[in-house]
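K.L.:
For the sequence shown, numbering that gives the first Met the number 0 assigns the number 327 to the last residue and increments by one with no breaks.
Virtual Cβ for every residue (Gly too), placed ideally from N, Cα, C.
Attaching a single structure in C-alpha cells format; questions to follow.
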Amino acid sequence: MFSVDINLVICLAAAWLIELTLGSPAFLPKPPSPGARFVTVSADRFLALTERLAGRGGADARGGAKTAGRCAGVFLTVYVLSFTFIIVAVLLDYARKLHPVFYYLLNTFIMCGVINTRKAADAAAPDKKGNGRPSVWRIVMDLSGNYLNGVISPLLYMTAGMFLGLPAVFAAVYKMLSIMYGALVRGDGNYKDLSWAVSGLDNIVNFIPARICGVFLPLISPLCGAGIKGAQHGFRATRDAHSAREYAGLTDRPNDVWPGAAFAGILGIGETIDTGGNGGLTNSRTGKYIVREPAAGDVKRAVRLMAGASVITIAVLCGALLYFAAPF
C-alpha cells in the first residue's frame, strides 16, 4: 500500500494557497532568472564544443553539425535536469537534518515557485481594458496554456512525487524543464539543434496532462460559471480533430492545443478571419462550436475559468493524497 507524508500534502496545499494569495511579490527571490542564466551559459558551452567537434564546411559538415547539435542537446538536457535534481535533493536533505520545520518550509517554498495561477491572472489584468480582438484572443490562449504548464502538469508531477517523498524535487525538475524550453526553444534561434531534445521531452512530459485537460476542463466548467452549454461546446471542441489541427498552428507547444480548444469551446469564442469577398468574417478555429468572436470581457471569464479549475484541481489531488495519507 502506498503511503504519503500528510505534512507534505499540507505543504502542497499551503504552497498553492500562498501563490494564489500573494502571486509574485517583489520582495521574494525569482528562481527563473538564475535558472535561465544557468541554462544559457551551459548551452553556450555545449554549442561551442559541438561546433569544434563537428567543424565547418560543406553539406556533410552541416549535416554532421546538426546531428552533433542534437546529441549535445540530449546531454545538455540530462546534465541540467540531473544537476537540478541533485542540488534540490541535497538542500532538502540538509534542511531535514537541521530541523523538520526547515524541511517542510523549503518544500513549500519550492512548490510555491512552480505553481502559476495568481501570477498568470495578474499578467492578464492590465490587458482587460482597451485592447482589440487579437490581443484578447492571445491572452485567452496564454491563460489556457498556463493552466496546462503552470497548474495541472506541475500539480500532477508533485502528486506523483508525494509517493516517493520528493514532491519538491519533481517540482523543481519540471520548472527547470520549462525554463529550458523558454530559453532554448523560444529564445533567439541560436540553439535550434540543442533545443530538439528539450522540445521533445516537454512534449512527452505534458502529453498525458494535456489530454486530461481536454476532459477535465469541460467537465468542471459549469462549476466555473460556464453552464452546461459551455461544457458541451468544450467537449466538442476538444474532440474535433480539425479543430485540434488548427490550434496546433497557434503554439510551439503542441500539447497546448487541448486546453486551448477547451477554453475556446467553453467560452464560445474563436479567432476570426476576413473572407475578403464581401467583407464578412468567418470562424477559423473550432468551427461550428464557436458562438462569437472574442471581446474584452472574455479575459475576465478566462481568468475565472483558469482560477476555478485550479481550485478544483488542487482540491481533487489533495483529497486523493489525503486518502493515501490516512492511517486507516
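Have a look at Leu-183 and Asn-115 and give me their C-alpha separation to the nearest angstrom.
P.N.:
On the sequence shown, position 184 is the one that residue 183 refers to. On the sequence shown, position 116 is the one that residue 115 refers to. Leu-183 and Asn-115: Cα-Cα distance of roughly 21 angstroms.
K.L.:
Distance, Cα to Cα, Gly-34 vs Val-40?
P.N.:
Against the sequence shown, residue 34 aligns to sequence position 35. Against the sequence shown, residue 40 aligns to sequence position 41. Approximately 10 angstroms between the Cα atoms of the pair.
K.L.:
Please report how far the alpha carbon of Gly-112 lies from the alpha carbon of Leu-163, in whole angstroms.
P.N.:
Residue 112 sits at position 113 when you count from the first residue of the sequence shown. Residue 163 sits at position 164 when you count from the first residue of the sequence shown. C-alpha separation (whole angstroms): 20 angstroms.
K.L.:
Excluding the 5 residues flanking Cys-317 on each side, which residues of the same chain have their C-beta closer than 7 angstroms to its C-beta?
P.N.:
Locating residue 317 in the sequence shown gives position 318, where the first residue counts as 1. Here the set comprises Val-8, Leu-11 and Ala-12.
K.L.:
Would you tell me roughly how many angstroms separate the C-alpha atoms of Lys-118 and Glu-18, rounded to the nearest one?
P.N.:
Walking along the sequence shown from the start, residue 118 turns up at place 119. Walking along the sequence shown from the start, residue 18 turns up at place 19. Lys-118 and Glu-18: Cα-Cα distance of roughly 8 angstroms.
K.L.:
Using the rule of at least 16 other Cβ atoms within 10 Å of the residue's Cβ for burial, across every protein chain shown, is Gly-226 buried or exposed?
P.N.:
Start at 1 with the first residue of the sequence shown, and residue 226 comes out as number 227. Result: exposed.
K.L.:
Secondary structure at Thr-281, three-state DSSP: helix, strand or coil?
P.N.:
By one-based count along the sequence shown, residue 281 stands at place 282. Interpretation of Thr-281 is limited by its pLDDT of 40, a score under 50 that renders its predicted location unreliable; the figure taken from the coordinates is listed afterwards. DSSP places Thr-281 in strand when its eight states are reduced to three.
K.L.:
Roughly how many angstroms separate the alpha carbons of Ala-408 and Ala-42, rounded to a whole number?
P.N.:
The question about residue 408 has no answer here: the residues shown for the chain are numbered 0 through 327.
K.L.:
Taking the alpha carbon of Ala-349 as the reference point, which residue from Ile-207, Gly-188, Lys-174 and Met-179 has its own alpha carbon closest?
P.N.:
Given a span of 0 to 327 for the chain in the structure shown, any question on residue 349 remains unanswerable.
K.L.:
What's the C-alpha gap between Ala-301 and Leu-266?
P.N.:
Within the sequence shown, residue 301 is the residue found at index 302, counting from 1. Within the sequence shown, residue 266 is the residue found at index 267, counting from 1. Using only the alpha carbons, I get a separation of about 8 angstroms.
K.L.:
Quick check: the segment 151 to 163 against the segment 206 to 225, are there 3 or more CB pairs under 8 angstroms?
P.N.:
Verdict: yes, contact present.
K.L.:
Taking the alpha carbon of Leu-46 as the point to measure from, which residue in Tyr-322, Ser-198, Gly-199 and Lys-191 has its own alpha carbon closest?
P.N.:
Locating residue 46 in the sequence shown gives position 47, counting from the first residue. The shortest Cα separation from Leu-46 among Tyr-322, Ser-198, Gly-199 and Lys-191 belongs to Lys-191.
K.L.:
Taking 8 angstroms as the cut-off, decide whether the C-beta atoms of Met-110 and Ala-14 are in contact.
P.N.:
As a working note, residue 110 is residue 111 in the sequence shown. As a working note, residue 14 is residue 15 in the sequence shown. The answer is yes: Cβ separation under 8 angstroms.
K.L.:
Closest to Thr-107 by C-alpha separation, out of Lys-96, Phe-82 and Val-87, would be which residue?
P.N.:
Counting from one through the sequence shown, the residue named residue 107 turns up at place 108. Thr-107 has its Cα closest to that of Val-87, out of Lys-96, Phe-82 and Val-87.
K.L.:
How close, in whole Å, do the beta carbons of Pro-217 and Gly-233 come, if the pair is a contact with beta carbons under 8 angstroms?
P.N.:
Within the sequence shown, residue 217 is the residue found at index 218, counting from 1. Within the sequence shown, residue 233 is the residue found at index 234, counting from 1. Sure, about 3 angstroms apart at Cβ, within 8 angstroms.
K.L.:
So Leu-222 and Gly-144 are in contact, right, with Cβ under 8 angstroms, and what is the actual spacing, rounded?
P.N.:
Looking up residue 222 in the sequence shown gives position 223. Looking up residue 144 in the sequence shown gives position 145. Between Gly-144 and Leu-222 the Cβ distance is about 21 angstroms, and since that is not below 8 angstroms, they are no contact.
K.L.:
Which residue from Ala-171, Asn-205, Leu-155 and Leu-165 puts its Cα closest to that of Thr-312?
P.N.:
Position 313 of the sequence shown, counted from the start, is the residue given in the question as residue 312. Residue Leu-155 is the option with its Cα nearest to Thr-312.
K.L.:
Roughly how many whole angstroms lie between the Cα atoms of Thr-329 and Ser-309?
P.N.:
This structure cannot settle anything about residue 329, because the visible part of the chain is limited to 0 through 327.
K.L.:
Can you grab the Cα-Cα spacing for the pair Ala-367 / Leu-193, in whole Å?
P.N.:
Residue 367 lies beyond the residue range present for the chain, which begins at 0 and ends at 327; the question has no answer from this structure.
K.L.:
Please report the residue range of the alpha helix (DSSP H) in which Cys-223 lies.
P.N.:
The residue given as residue 223 occupies position 224 in the sequence shown. Element bounds for Cys-223: n/a, residue is neither H nor E.
K.L.:
Between Ala-120 and Val-298, what straight-line distance do the alpha-carbon atoms span, to the nearest angstrom?
P.N.:
Position 121 of the sequence shown, counted from the start, is the residue given in the question as residue 120. Position 299 of the sequence shown, counted from the start, is the residue given in the question as residue 298. Each residue's alpha carbon lies about 9 angstroms from the other.
K.L.:
From the DSSP output, in three-state form, read off Thr-20 for me.
P.N.:
Your numbering for residue 20 matches position 21 in the sequence shown. In the structure shown, Thr-20 sits in a helix (DSSP, three-state: H, G or I).
K.L.:
Where does Ile-207 fall in DSSP's three states?
P.N.:
The residue you call residue 207 lines up with position 208 of the sequence shown. Here Ile-207 sits in helix by DSSP.
K.L.:
For the alpha helix (DSSP H) containing Ser-134, name the first residue and the last one.
P.N.:
Translated into the one-based positions of the sequence shown, residue 134 becomes position 135. Ser-134 -> alpha helix (DSSP H) spans 132 to 145.
K.L.:
Does Pro-99 pass the burial test, meaning 16 or more other C-beta atoms within 10 Å, or should it be called exposed?
P.N.:
As a working note, residue 99 is residue 100 in the sequence shown. Label assigned to Pro-99: exposed.
K.L.:
Just to confirm, are Arg-142 and Ala-124 a CB contact at a threshold of 8 angstroms?
P.N.:
Numbered from its first residue, the sequence shown carries residue 142 at position 143. Numbered from its first residue, the sequence shown carries residue 124 at position 125. The amino acid occupying residue 142 in the given sequence is Leu; Arg does not appear at that position. In this structure, Ala-124 does not lie closer than 8 angstroms to Leu-142 by Cβ.
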